[in-house]
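This report concerns only the one structure given below.
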Amino acid sequence: MSSSSAFNDEKGGSSSVGEPEYGHDPASGGIFSSDYKRHDDLKEMLDSNKDSLKLEAMKRIVAMIARGKNASDLFPAVVKNVACKNIEVKKLVYVYLVRYAEEQQDLALLSISTFQRGLKDPNQLIRASALRVLSSIRVTIIVPIMMLAIKEAASDMSPYVRKTAAHAIPKLYSLDPEQKDQLIEVIEKLLADKTTLVAGSVVMAFEEVCPERIDLIHKNYRKLCNLLIDVEEWGQVVIINMLTRYARTQFLNPNMNESLLEEGSGGDKTFYGSDEDEDDDEEEKDKKEEAHAMAKRKPYVMDPDHRLLLRNTKPLLQSRNAAVVMAVAQLYFHLAPKAEVGVIAKALVRLLRSHSEVQYVVLQNVATMTIKRRGMFEPYLKSFYIRSTDPTQIKVLKLEVLTNLANETNISTILREFQTYIKSMDKDFVAATIQAIGRCATNIGEVRDTCLNGLVQLLSNRDELVVAESVVVIKKLLQMQPEKHSDIIKHMAKLTDNIQVPMARASILWLIGEYCEHVPKIAPDVLRKMAKSFTNEEDIVKLQIINLAAKLYLTNSKQTKLLTQYVLNLAKYDQNYDIRDRARFIRQLIVPTEKSGALSKYAKKLFLALKPAPVLESPFKDRDHFQLGSLSHLLNAKAGGYQELPDWPEAAPDPSVRNVEVPEWTKCSSREKRKEKKVEKPFYSDSEGESGPTESADSESDSASGSESGSGSEESGSGSESEESEEGSESEEEEEEEDEDEKDKKKKKKQELKKPVQESESEQSSEEERKHQRKMKQCKSDTESESEEEDSESESSHSESEDSESEVEVKKKKKAAESKPPSKPVKKESKKEKKEMSLLDLDDFEPTPSPQVTPVNTFLSNSLVTDLEGLSLSDAVLSPATIAPSSALKSYELLHRITGEGLSVEYCFSRQPFSPDANMVAVQMQFTNNATSETKNLHMEDVKLQSGMRVKEFPEIELLPAGETATAVMGIDFCDSTQAANFQLCTHTRKFFVSIQPPVGELMRPVFLTENEFKKEQGQLMGMNEITEKLTLDVKCRNEHAIVQRVTTAANLSRVPCGSDKECRFAGRTVNSSSLVLVTVATKEEGAAQLTVNCEKMVIGTMLVKDILLALTQ
153 MSSSSAFNDE
163 KGGSSSVGEP
173 EYGHDPASGG
183 IFSSDYKRHD
193 DLKEMLDSNK
203 DSLKLEAMKR
213 IVAMIARGKN
223 ASDLFPAVVK
233 NVACKNIEVK
243 KLVYVYLVRY
253 AEEQQDLALL
263 SISTFQRGLK
273 DPNQLIRASA
283 LRVLSSIRVT
293 IIVPIMMLAI
303 KEAASDMSPY
313 VRKTAAHAIP
323 KLYSLDPEQK
333 DQLIEVIEKL
343 LADKTTLVAG
353 SVVMAFEEVC
363 PERIDLIHKN
373 YRKLCNLLID
383 VEEWGQVVII
393 NMLTRYARTQ
403 FLNPNMNESL
413 LEEGSGGDKT
423 FYGSDEDEDD
433 DEEEKDKKEE
443 AHAMAKRKPY
453 VMDPDHRLLL
463 RNTKPLLQSR
473 NAAVVMAVAQ
483 LYFHLAPKAE
493 VGVIAKALVR
503 LLRSHSEVQY
513 VVLQNVATMT
523 IKRRGMFEPY
533 LKSFYIRSTD
543 PTQIKVLKLE
553 VLTNLANETN
563 ISTILREFQT
573 YIKSMDKDFV
583 AATIQAIGRC
593 ATNIGEVRDT
603 CLNGLVQLLS
613 NRDELVVAES
623 VVVIKKLLQM
633 QPEKHSDIIK
643 HMAKLTDNIQ
653 VPMARASILW
663 LIGEYCEHVP
673 KIAPDVLRKM
683 AKSFTNEEDI
693 VKLQIINLAA
703 KLYLTNSKQT
713 KLLTQYVLNL
723 AKYDQNYDIR
733 DRARFIRQLI
743 VPTEKSGALS
753 KYAKKLFLAL
763 KPAPVLESPF
773 KDRDHFQLGS
783 LSHLLNAKAG
793 GYQELPDWPE
803 AAPDPSVRNV
813 EVPEWTKCSS
823 REKRKEKKVE
833 KPFYSDSEGE
843 SGPTESADSE
853 SDSASGSESG
863 SGSEESGSGS
873 ESEESEEGSE
883 SEEEEEEEDE
893 DEKDKKKKKK
903 QELKKPVQES
913 ESEQSSEEER
923 KHQRKMKQCK
933 SDTESESEEE
943 DSESESSHSE
953 SEDSESEVEV
963 KKKKKAAESK
973 PPSKPVKKES
983 KKEKKEMSLL
993 DLDDFEPTPS
1003 PQVTPVNTFL
1013 SNSLVTDLEG
1023 LSLSDAVLSP
1033 ATIAPSSALK
1043 SYELLHRITG
1053 EGLSVEYCFS
1063 RQPFSPDANM
1073 VAVQMQFTNN
1083 ATSETKNLHM
1093 EDVKLQSGMR
1103 VKEFPEIELL
1113 PAGETATAVM
1123 GIDFCDSTQA
1133 ANFQLCTHTR
1143 KFFVSIQPPV
1153 GELMRPVFLT
1163 ENEFKKEQGQ
1173 LMGMNEITEK
1183 LTLDVKCRNE
1193 HAIVQRVTTA
1203 ANLSRVPCGS
1213 DKECRFAGRT
1223 VNSSSLVLVT
1233 VATKEEGAAQ
1243 LTVNCEKMVI
1253 GTMLVKDILL
1263 ALTQ
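For any residue, its number in this note's numbering is found by taking its place in the sequence shown, counting from 1, and adding 152.
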C-alpha cells in the first residue's frame, strides 16, 4: 500500500486510469490493469533478467520525468541497474540518477562504488555520465572522491569526458570552496587542451572559480583566439567575454592616440596664441619643444596579439547565434580602434529581424553605443524606424536610438517620422515620442523653434494624453528661452479649462507663475479660476496653485492679495498634510507680521530665483560602465557574479608572457609554409597558434622573417604597417596580394570605369585624342594598377613606416622595371597632347590626369619616374586650370605662416563645379612658401570625416621653392552639413593638423528658375519648410543692387527675375542632395524688410537665415 499512497501523492489525488503512454504499449500486457500497482510492476520489470524489459521500464521512467512527474520512489530499483551490461540501459540509468542524485543523497552514496567503477568503463559516454552523477551528489564527505575523479577525467583520452570534468569543477567549488587551489591546477591543465570541445567548458570553469588568475590565460591566449571559430556557440560567448576582459588588462588603448593628437594640436594652438607675449620666452621654448616632441612621438602600434583577437572574432559577426554576434559586438566596442568599430553595426542591425526578445537586448546595447559612437549607426537610420507591429518596449527603445542618432543633417527626416508616430493608438508610445521630440529640440538648437511650434499644434489634439505630455515637454523647452515665447504661455493658460491630466495642469500653473511678468494680465485670471476649483484638484495641482498665488502676491499684490489669502485659507484646512504645511510656510514667508523672522525679506529671491533649465538626457548615458551584452547592463544594476571591465593600462605589460616555445617540427614546417605562401594563405596555422605574430610594426620585414616563426613572417610580408596602423584596415584587406587573374579582372574593370568618365568630361576633344588617352592608360595600367590598389587600401599606414621596405614593394619595383621599355614611346604621344591641350577648355580637362598622376609619383621608383616624366603633367600645365579667385570670394586661412614654419595656406570656395564629382564643393588652396628653404612633397593624409562625407585630394605638389606660390583644387562632399573636414597637411618634414569648415552658403550651387517656377516650388515648400524673419536693412543696403550683392556674397545663389521692384528672389540647390533653396527679400518703408527662406532641409534653412540676416543688417 505504501507504493500506492506514494503514487496518489504524485498524482495530486487525481485518478488517471488508462493513460495513453502506458495503455498503448504492447509489452505491458495485463500488467497495468490497475492504477495502484503501476510502480510495483515497473520495479518487477527492473528486477527481471531480460534487458529488453529493463530498457522498456527505464524508457517509461525517463518519460515520466520528462512530463514532470515524480519518480523518486523508484530510486533503489533503478540504482541497482547501474552495473547492467546493456549500454542503452546504463545510459538511461545515469540520466535518471543525474536527476535524483541530489534528492536521494543517502541512497546514491550506497552506490558510490558502482559510480567509481563507471569512471573506468571503456565507453566514454558512461565515464562522463558517472562523473556527472558523482558531481551531482552534494555531500561534503565525498569531496576527496570527486576531486580524484575530476583529476582522472581531466587526463582522459576522450575530449567529451574532459569536457564533463570541466563542467564538474564549478559544482565541486560551490560544494567546498577550500578546494580552489587543487581545482586551479586542473583548470590550468585543461586550458592547455587543444580540442575545441573542451575550450568553452574550461573557460566557463575558469570564470566561475578563478577569474582573477589571468596569468593562466597568457600561454593559451593565441590558441584560444585561433580555436574560437570552431568552438560551439555558447563556448564562443564565454571565451569572447573572458578575452575582452583579458585584453583590457594586457594591451594599450587603441584610441589613445586620438586624444594625444587632440592634446598635441591644442598645445600648438596655445603656443602660437601666446606668441604675442615676449616676456615668457622660456615657457614658449618649453611649449615648442613639447609640440616638436608630439610631432616626433611614435604613432600607436597595435600589439599583434590584440590584432589577432580582433581578426579572429570578426568572422563570428556572421554567426547564426544572436548571443555570439552580441559578444563580438561588445568586444569590438570595448577593444577596437574607432575606425574599425563600424563593422559591428551591420551585424547588430541584422539581429533586429529576430524575435522581439532578441531585439530588446540588441536595442538596449545599440542605444548605449549610439551615445558614444553615433556615426556608426547613421547609415542604418531606417532600420530603426518603428513598425506598428512592434511591442511597446521595442518601440520606446527604437525611439531612444533615433533620438541619439539625430543630428543637423537627418533631423528633418526624423521629425517627419515622429509626426506619424504621434497618430499611433499606443498611448505610452505617443508619450515617449513627444519626449523624444523634446530631447531633439534641446540637443539641436536649430530645430528648437520648429519643434516648439509642432508641440504647440499638438495642444489642440483631441487626445488628452497627447496634450498633457506636450505641455510637460513644452514647459521644459520654454525654460530655455521664456522671453521669446510669451504667446505660447498665453495659449497654454487658455488650456486650463479643458486639460484634466494633473501633471499637465501643474506644469501650466508652474509656467504661468514662473513667468508671470510676461503675462501680467492673464496670470491673475488663471489664479481666480483655479481658486474656484481648488477643492476638487489633485494634490500636485493644489501645490502649484499655492505657488502661483505666492508668486503673484509678490509681483502683483494689488490684484491678487485677497485671492492669495482665500487660497491659503482653503489650503489651511486641506486633508493632505503636505498642502497644509506648504500653506502655513508660505503665509509666514510672504505676509510679513511681527513674529515673522528675517526670511520674509528674501521672499522674492526665494520664489522668483532663476531656475536652471532641465537637462533632457538619454537614460542610457552612463550605462557603458557595465560591459555591453551583460545582464548588469540590461538591468542597469550590478547583477550577482558580474565582473567589472578593467581600465586600460597606462603602459603595456610585457607581451613576451604570451610566447610559447615552438617544437622543432613546427619550425621545419614553417619554412615549407614560407615557400607555399605565394600560392595561398592558410586560414590559421599551428605555428601562429603557438608562437604567433610578435613583431612590431616598426621592425623591418627582413629581420622579422629571419627571427620569427612562419606565421610571423607571413604577416610582416603582407605589410605589417597597414595591419597595425591607427585605422587598422579590415581583416580581408590584411590578406596576401590577390592572385594574378584577379588583378587582370580589376585592371579591366578600372579601364571600363575610367573610359566613360573621361569621355563625358572632355567632349570637345577629338577621336584621336581619346585613342591617345586610352593607349596611355593601357601602358600605365601594367605598372600602376597594383600601386593604385595599395594606395586605396593602406595609404594612411604608408606614411607611418616609410623606412620599412616590405617584400610587396620590392616585387612592385621588379615589375615596374620589367615594364620600362613600352613606357618610352608614350612620351612622344603625351608631348603632342600637351601642345593640343591649349586648344581645349582646361577647366574640363584638368582633373582627368590627377587620379593617374598621383600614384606614379608616390609609389614608383625614382628611375621609373624619370622615364615616365612625359606622362605626369607638371605643375606648369596644371596651374592655369585652377580657378582664379574673383575679388568677391572670401579667403580663409588654413595654415598661418608661423604655425606652418614658413608655409602659409589660404583657401576659398571657388563656386565653380568640381568636374570629377558634381556632388563635391570645389575648394581652391593657395600655398605660399615664406621660408628660406624649399618645401617638398606637399600632400594630404589621415583624412577624418563625419559619416557620409568624402574628399578628393589635391595632386601632390612635389616642389615649392622659397618665396614661390602654388595653387591646387580639392573637392569635398560635405554631405549638406557644416561639419568640418579634418586632415593632415604634410610636407617632406612636418605634418600640420588643419580643418576646413564651410559656411552654409557655400553648400549650394545656383539654379535658374522663372518667376512662375519659383512661385510653384515655393508653394510646395510651406509649413515647417518655411522660415520668415523681419529685419531692418543696413543704411548702405537699401537699394536693390546692394541687397543682391550681399545675398549672393553670403550664399552661392542665382537671381530669379521678379515683376515687383520691392522683392528680390534667389534660388539654388544644395550640392549633395540637390534640395531646392529659395530666398525672398521683400523691402518695405524706412528700411524694414522681410526675409523668407524655403528649404526642405530645415537645418540648412535655419542656418542660411542667420547668415543672410547678418549680411543685410551689418
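Glycine residues also receive a C-beta, built at the ideal position from the N, C-alpha and C atoms.
(request) Specify, as a first and last residue, the run of the alpha helix (DSSP H) that Val608 falls within. (result) As a position in the sequence shown, residue 608 is number 456, starting the count at 1. Here the alpha helix (DSSP H) through Val608 covers 600 to 610.
(request) Work out the CA separation of Glu360 and Ala1314 for me, nearest whole Å. (result) Examination of residue 1314 is not possible in this model, given that the chain is present from 153 through 1266 alone.
(message) For a test of the three-state rule: what should DSSP assign to Val625, helix, strand or coil?
(response) Position 473 of the sequence shown, counting from 1, holds the residue named residue 625. Val625 falls in the helix class under three-state DSSP.
(message) Please return the same chain residues whose Cβ sits closer than 8 angstroms to the Cβ of Asp1259, not counting the five positions on each side in sequence.
(response) Along the sequence shown, read from residue 1 onward, the residue named residue 1259 stands at position 1107. If we look at Asp1259 and ignore the five residues flanking it on each side, its Cβ neighbours are Pro1151, Val1152, Gly1153, Ala1202, Ala1203.
(request) Indicate the three-state DSSP secondary structure (helix, strand or coil) for Glu1058 in the structure shown. (result) Numbered from its first residue, the sequence shown carries residue 1058 at position 906. Residue state, collapsed to three classes: strand.
(message) Would Val625 and Ala656 qualify as a contact pair, given that the criterion is a beta-carbon distance under 8 angstroms?
(response) If you number the sequence shown from 1, residue 625 lands on position 473. If you number the sequence shown from 1, residue 656 lands on position 504. No. Outside cutoff.
(message) Rounded to whole angstroms, what is the Cα-Cα separation between Arg680 and Leu715?
(response) Indexing the sequence shown from 1 puts residue 680 at position 528. Indexing the sequence shown from 1 puts residue 715 at position 563. If I take the Cα positions, the gap works out to 7 angstroms.
(request) Would you mind sorting Asp639 into buried or exposed? The rule is 16 or more other CB atoms within 10 Å of its CB. (result) To locate residue 639, count along the sequence shown from 1; it is residue 487. The residue is exposed, with fewer than 16 neighbouring Cβ atoms inside 10 Å.
(request) Could you spell out where the beta strand (DSSP E) holding Thr1235 opens and where it closes? (result) Counting from one through the sequence shown, the residue named residue 1235 turns up at place 1083. Note, Thr1235: beta strand (DSSP E), 1228 to 1235.
(message) Considering just the uninterrupted stretch of the beta strand (DSSP E) at Ile264, what are its terminal residues?
(response) On the sequence shown, position 112 is the one that residue 264 refers to. First-last for Ile264: 264 to 270, but that is the alpha helix (DSSP H), not the beta strand (DSSP E).
(request) Determine the DSSP secondary structure at Ser956, reduced to helix, strand or coil. (result) Counting from 1 along the sequence shown, the entry for residue 956 is found at position 804. Caution is warranted here: a pLDDT of 40 is assigned to Ser956, below 50, making its placement in the model unreliable, and no coordinate value can be reported.
(message) Is the beta carbon of Val1199 closer than 8 angstroms to that of Cys1216?
(response) Here residue 1216 corresponds to residue number 1064 of the sequence shown, with the count starting at 1. Here residue 1199 corresponds to residue number 1047 of the sequence shown, with the count starting at 1. The answer is yes: Cβ separation under 8 angstroms.
(request) Identify the continuous beta strand (DSSP E) that holds Ala1241 and give its terminal residues. (result) Residue numbering aside, residue 1241 sits at position 1089 when the sequence shown is read from its first letter. Residues 1240 to 1247.
(request) Kindly indicate the opening and closing residues of the alpha helix (DSSP H) around Lys713. (result) Indexing the sequence shown from 1 puts residue 713 at position 561. Residues 709 to 724.
(message) For Ser638, report the span of its alpha helix (DSSP H) as first-last.
(response) The residue you call residue 638 lines up with position 486 of the sequence shown. Where Ser638 is concerned, the enclosing alpha helix (DSSP H) stretches over 638 to 646.
(request) May I ask which residues mark the beginning and end of the alpha helix (DSSP H) holding Pro807? (result) Within the sequence shown, residue 807 is the residue found at index 655, counting from 1. Premise fails: Pro807 is in no alpha helix (DSSP H) and is neither H nor E.
(message) Quick test of your reading: Ala683 and Tyr729, contact by CB under 8 angstroms. State the CB separation rounded to the nearest angstrom.
(response) Along the sequence shown, read from residue 1 onward, the residue named residue 683 stands at position 531. Along the sequence shown, read from residue 1 onward, the residue named residue 729 stands at position 577. About 21 angstroms; that fails the 8 angstroms criterion.
(message) Spatial neighbours of Ala584 within its chain, please: C-beta separation below 6 angstroms, excluding the five flanking residues on both sides.
(response) The residue given as residue 584 occupies position 432 in the sequence shown. Answer for Ala584: Val548, Leu551, listed in chain order.
(message) Out of Arg539, Leu487, Glu796, which one is the CA nearest neighbour of Phe570?
(response) The residue labelled residue 570 in the question sits at position 418 within the sequence shown. Minimum Cα distance to Phe570 is reached at Arg539.
(request) Give a yes or no on whether the C-beta atoms belonging to Gln1078 and Glu1093 are separated by under 8 angstroms. (result) Counted from its first residue, the sequence shown places residue 1078 at position 926. Counted from its first residue, the sequence shown places residue 1093 at position 941. Taking 8 angstroms as the Cβ cut-off, Gln1078 and Glu1093 do not qualify as a contacting pair.
(message) I need the DSSP call for Glu360, collapsed to helix, strand or coil.
(response) Position 208 of the sequence shown holds residue 360. DSSP places Glu360 in helix when its eight states are reduced to three.
(message) Can you give me the C-alpha to C-alpha distance between Leu1283 and Ile566, rounded to a whole angstrom?
(response) It is not possible to answer for residue 1283, since the shown part of the chain is limited to 153 through 1266.
(message) Using a Cβ distance threshold of 8 angstroms, determine whether the segment 1073 to 1091 contacts the segment 511 to 523, with at least three qualifying pairs required.
(response) no
(message) Would the segment 1139 to 1150 count as touching the segment 1041 to 1048 if we require 3 or more Cβ pairs under 8 angstroms?
(response) yes
(request) State the Cα-Cα distance for the pair Lys895 and Ser506, rounded to the nearest angstrom. (result) Residue numbering aside, residue 895 sits at position 743 when the sequence shown is read from its first letter. Residue numbering aside, residue 506 sits at position 354 when the sequence shown is read from its first letter. Caution is warranted here: a pLDDT of 48 is assigned to Lys895, below 50, making its placement in the model unreliable, and no coordinate value can be reported.
(request) Just the C-alpha distance for Leu1262 and Ala1074, rounded to the nearest angstrom, thanks. (result) As a first step, residue 1262 is located in the sequence shown; it is residue number 1110 there, counting from the start. As a first step, residue 1074 is located in the sequence shown; it is residue number 922 there, counting from the start. When rounded, the distance between both Cα atoms is 25 angstroms.
(request) Write down the C-beta distance between Leu244 and Val285 rounded to the nearest angstrom, noting that I regard them as a contact closer than 8 angstroms. (result) As a working mapping, residue 244 is identified with position 92 in the sequence shown. As a working mapping, residue 285 is identified with position 133 in the sequence shown. About 13 angstroms; that fails the 8 angstroms criterion.
(message) Within the continuous alpha helix (DSSP H) that includes Val743, where are the two ends?
(response) Position 591 of the sequence shown, counted from the start, is the residue given in the question as residue 743. Note, Val743: premise wrong, no alpha helix (DSSP H); not H, not E.
(request) State buried or exposed for Ala305, treating a residue as buried only when at least 16 other CB atoms are found within 10 Å of its CB. (result) What you label residue 305 is simply residue 153 of the sequence shown in a count that begins at 1. Ala305 comes out buried.
(request) Using the Cα positions of Leu695 and Thr594, report the straight-line distance between them to the nearest angstrom. (result) Position 543 of the sequence shown, counting from 1, holds the residue named residue 695. Position 442 of the sequence shown, counting from 1, holds the residue named residue 594. Taking the straight line joining both Cα atoms gives about 28 angstroms.
(message) Restricting to Cα atoms, I'd like to know which of Val350, Ile289, Thr347 is closest to Leu324.
(response) Numbered from 1 along the sequence shown, position 172 holds the residue referred to as residue 324. Looking at the Cα atoms, Ile289 is the closest of the given residues.
(request) Report the rounded CA-to-CA distance for Asn233 versus Lys332, giving the unit in angstroms. (result) Reading the sequence shown from its first residue, position 81 is the one you call residue 233. Reading the sequence shown from its first residue, position 180 is the one you call residue 332. Rounded to the nearest angstrom, the two C-alpha atoms are 34 angstroms apart.
(message) What does DSSP give as the partner residue(s) for Ala1074 in the beta ladder?
(response) Locating residue 1074 in the sequence shown gives position 922, counting from the first residue. Answer is Gly1123, bridged to Ala1074.
(request) Give the DSSP bridge partners of Val1103, in chain order. (result) Along the sequence shown, one-based indexing puts residue 1103 at 951. Ile1124, per the DSSP bridge assignment.
(message) As a quick exercise: from Ser784, Val350, Asp457, pick the residue whose alpha carbon is nearest that of Val313.
(response) Counting from 1 along the sequence shown, the entry for residue 313 is found at position 161. For Val313, the nearest C-alpha among the options comes from Val350.
(request) Kindly indicate which residue of Tyr398, Gly352, Asp345, Thr347 has the alpha-carbon position closest to the one of Arg365. (result) Within the sequence shown, residue 365 is the residue found at index 213, counting from 1. When only C-alpha atoms are compared, the closest one is Tyr398.
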